[in-house]
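Enquirer: After the structure tokens below, expect a handful of questions from me.
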Amino acid sequence: EGSSRPNLVFVMVDDWGRFNAGFMGNEAARTPVMDGLVRSEGLLLERHYTYKYCSPTRRSFLTGRFPPHSGESNTVEATVDYRMATMAERLRGAGYATAHAGKWHA
Numbered sequence: 001e002g003s004s005r006p007n008l009v010f011v012m013v014d015d016w017g018r019f020n021a022g023f024m025g026n027e028a029a030r031t032p033v034m035d036g037l038v039r040s041e042g043l044l045l046e047r048h049y050t051y052k053y054c055s056p057t058r059r060s061f062l063t064g065r066f067p068p069h070s071g072e073s074n075t076v077e078a079t080v081d082y083r084m085a086t087m088a089e090r091l092r093g094a095g096y097a098t099a100h101a102g103k104w105h106a
């Protein structure tokens, strides 16, 4: 039986240039999958940074808390405080299956 909940896919990249993809206006960029995700029923958030470094930004995205509350460290040893629930944990609690690929340090 199908679910009435929408599928959720979050893509976060470091050092993404303004015209690195076709959906951003670069006709030479061959990014058909990303283009399709954005153009079909996707939502594109641009310039929504929470911090000047990548790890605190990822940690903030995962926890929903700003870096002063989730950690401002930008090292490979940086982790999410085990007492903070992450977006994945909240989504699993709502019946979603979750997965993560890419950089593991947050």
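For the sequence shown, position 106 (counting from the first letter as 1) is numbered 106 according to my numbering, and the numbering increases by one without interruption.
Beta carbons: idealized from backbone N, C-alpha and C, even for Gly.
State whether the stretch 73-93 contacts the stretch 45-63, with contact taken as three or more CB pairs (one from each stretch) at a distance under 8 Å.
Expert: yes
Enquirer: In its own chain, which residues sit with a C-beta less than 7 Å from the C-beta of Thr63, not counting the 5 before and 5 after it?
Expert: Ser70, Val80, Met84, Thr86
Enquirer: I believe Met24 touches Arg18 by the beta-carbon criterion, under 8 Å. Please report the beta-carbon distance rounded to the nearest angstrom.
Expert: Contact between Met24 and Arg18 is confirmed by a C-beta separation of about 6 Å, below the 8 Å threshold.
Enquirer: Roughly how many angstroms separate the alpha carbons of Val38 and Tyr82, rounded to a whole number?
Expert: 33 Å
Enquirer: What runs of the alpha helix (DSSP H), each 4 residues or longer, lie entirely inside the stretch 54-105?
Expert: 54-63, 67-70, 87-93
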